[in-house]
Amino acid sequence: MNDMNVNCADRERIFMDGSAAEWAALEAHAATCAECGEELRVWKSMSTAAGELRQEWETHHLWTRIERGLTEQMSEKPSRLRAWLNSIGSVSVQWQMAAALLALVVVTGVAWKILHTGPNPTTEVFLKNSAVSEVERAEADYQKAIDKLDAEAKPQLEAAATPLMASYREKLLVLDNAIDELRAEAGQNPANAHLRHQLLAMYEEKQETLQEILEMKR
Amino acid sequence: MTTMGLALPWEARISSQEQERGSRVELGENPGSGLAPTSGEVRSDDLELAAACQAGEMRGYERLYSLHGKRMKSIARNLLGSTADAEDAVQETFLKVQRSIGTFRAQSSFVTWTFRILINTCYDARRSRMRKKEVTSEGTEESPLPERRAPGAHPSLKLALQRAMEKLTDHQRHVFLLYEVEGFRHSEIAGMLEITETASKNTLFQAKKNLRTMLEPPRSQSAEAR
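Protein chains in written order, with the working numbering: chain S, 1 to 218; chain H, 1 to 226.
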């Protein structure tokens, strides 16, 4: 029935990528070879045991939770440029370039406004020393998390030459400049809550942008 | 009994008919799992599902959940170790799918793409949990997973394998889980993990070799130890 000849030396290759015929031949060989018989038994038993790890359970509430989350997310005003950036992927290159330019103008404008509109003296709030330390720690954590995302997104940003990616690169550049300036200002005036708030908004924007870039890869 | 002392905790539980699973051979024609676009029908269903989700139709997401929710939960449960975390990860996956649906280009199957997001979500959750653990257990040694145990010392076969799986690399664990536990084909795993089919096969082989050593030393090693 099985004309194929296999021996002990073929065993691992068949375990890795054997055809049905090779498996059958190995079974036949294992019937007369104690070592292969044992190895085959162990190999199969691992698969059998693994199959038992598959788990099923009913969760009637989970779809309800997901549906609620989706409904909320869909009804939300799209976060900044996300929806728009997502949608321009399906339009023509000319439109993408126009969209990229518009994105750049908008982000630059927002960053300029933030940087050149000084805090309103009447609403300016000053943080206490303990709060400043806490904020600085949080900012450092944020920065660390963003650096990680940055490193993950870097190959994608550098490799792709699409207008969309170009607009992302420009956006990140603008955000980095804004963050640098705000950090410099916050360094001179660490207790200024308004500055801290603006800096946090910039970090959030950068984090979201990097996440969008990474999500495109997924 | 044998030279190995029957260290395998699961040995007694394997019935002869179950053993077929170990030699699963991929012939590339089984449409069973329904992920890889092996037939026009499957591909068209997949595109239809993607289109419904892209159009923001809730029924698209509901269908995705009804078709694949169970498997998604099982994968997440095995990657995260708790039912609650698994359900959170599945929910988060749906939200991410909705957020990124505009970037889906149908270069791979929509369902494969969804599972890729799920695996990444679980991976992120695991990493974040490990970071938290590092912070909270600063200075205190995390108790390591138990080393190889004597036969019969395992509270259960499942637990023994789960523990051994924890010692695999993330990549090996993902491939082993997707293939052996969830029954995906290498072509599907390749799509989910963005690797080649050959890499998926090699990784599975390495994972099983490592598990085999952790759970039952090969005959030669066992004899040396005596």
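Beta carbons: idealized from backbone N, C-alpha and C, even for Gly.
Measuring alpha carbon to alpha carbon, tell me which residue in the options is nearest residue i.
| i | options | result |
| --- | --- | --- |
| E212/S | I179/S, I146/S, D17/S and T59/S | I146/S |
| R54/S | G102/H, M72/H and L47/H | M72/H |
| E39/S | W63/S, E12/S and E58/S | E12/S |
| H60/S | Y65/H, G56/H, A50/H and T203/H | Y65/H |
| L177/H | E215/S, D17/S and E52/S | E52/S |
| E170/S | E136/S, L157/S and M4/S | L157/S |
| N192/S | N129/S, W63/S and S19/S | N129/S |
| D180/S | Q143/S, E35/S, A50/S and G109/S | Q143/S |
| R67/S | V90/H, L79/H, K158/H and I195/H | One detail in the question is off: residue 67/S reads as Glu in this sequence, not Arg. Measuring from the Cα of E67/S, the nearest candidate turns out to be V90/H. |
| C36/S | E76/S, P190/S, A9/S and G18/S | A9/S |
| D150/S | E208/S, A186/S, H194/S and A20/S | E208/S |
| A131/S | E185/S, M4/S, H197/S and T48/S | H197/S |
| L70/S | T198/H, R99/H, Q206/H and L67/H | R99/H |
| L164/S | G187/S, D141/S and L102/S | L102/S |
| V105/S | S167/S, G18/S, K44/S and E185/S | S167/S |
| V174/S | A28/S, W23/S and G109/S | G109/S |
| L210/S | W112/S, K148/S, R65/S and S19/S | K148/S |
| L161/H | S187/H, E92/H and A207/H | A207/H |
| K44/S | G187/S, E72/S, H194/S and W23/S | W23/S |
Residue range of the alpha helix (DSSP H) that residue i falls in?
| i | result |
| --- | --- |
| L79/H | M58 to L80 |
| T93/H | T83 to S100 |
| L168/H | It is not in any alpha helix (DSSP H) - L168/H carries neither H nor E in the DSSP assignment. |
| V132/S | N129 to A159 |
| W23/S | A20 to A30 |
| F15/S | R11 to D17 |
| G51/S | A34 to G51 |
| F104/H | Here F104/H belongs to no alpha helix (DSSP H), and DSSP marks it neither H nor E. |
| L177/H | That residue, L177/H, is in no alpha helix (DSSP H); it is neither H nor E in DSSP. |
| Q206/H | E197 to L215 |
| S75/S | H60 to S75 |
| G183/H | From DSSP, G183/H is part of no alpha helix (DSSP H); its letter is neither H nor E. |
Less than 9 Å separating the beta-carbons of residue i and residue j?
| i | j | result |
| --- | --- | --- |
| I101/H | Q172/H | no |
| S200/H | L211/H | no |
| E56/S | S74/H | yes |
| D176/S | K206/S | yes |
| V97/H | T114/H | yes |
| L26/S | V6/S | yes |
| L204/H | E180/H | yes |
| L182/S | M202/S | yes |
| Y61/H | F94/H | yes |
| G56/H | S109/H | no |
| E87/H | L214/S | no |
| L79/H | I119/H | yes |
| L215/H | M46/S | yes |
| T103/H | M74/S | no |
| D170/H | R129/H | no |
| K158/H | A49/S | yes |
| T121/H | A76/H | yes |
| A52/H | R43/H | no |
| P190/S | E134/S | no |
| L199/S | E152/S | no |
| A106/H | L47/H | yes |
Compute the minimum distance between the beta carbon of residue i and the heavy atoms of the ligand FMN, and state whether it is under 8 Å.
| i | result |
| --- | --- |
| H174/H | Looking at this structure, you won't find the ligand FMN or any other ligand, since it has none at all. |
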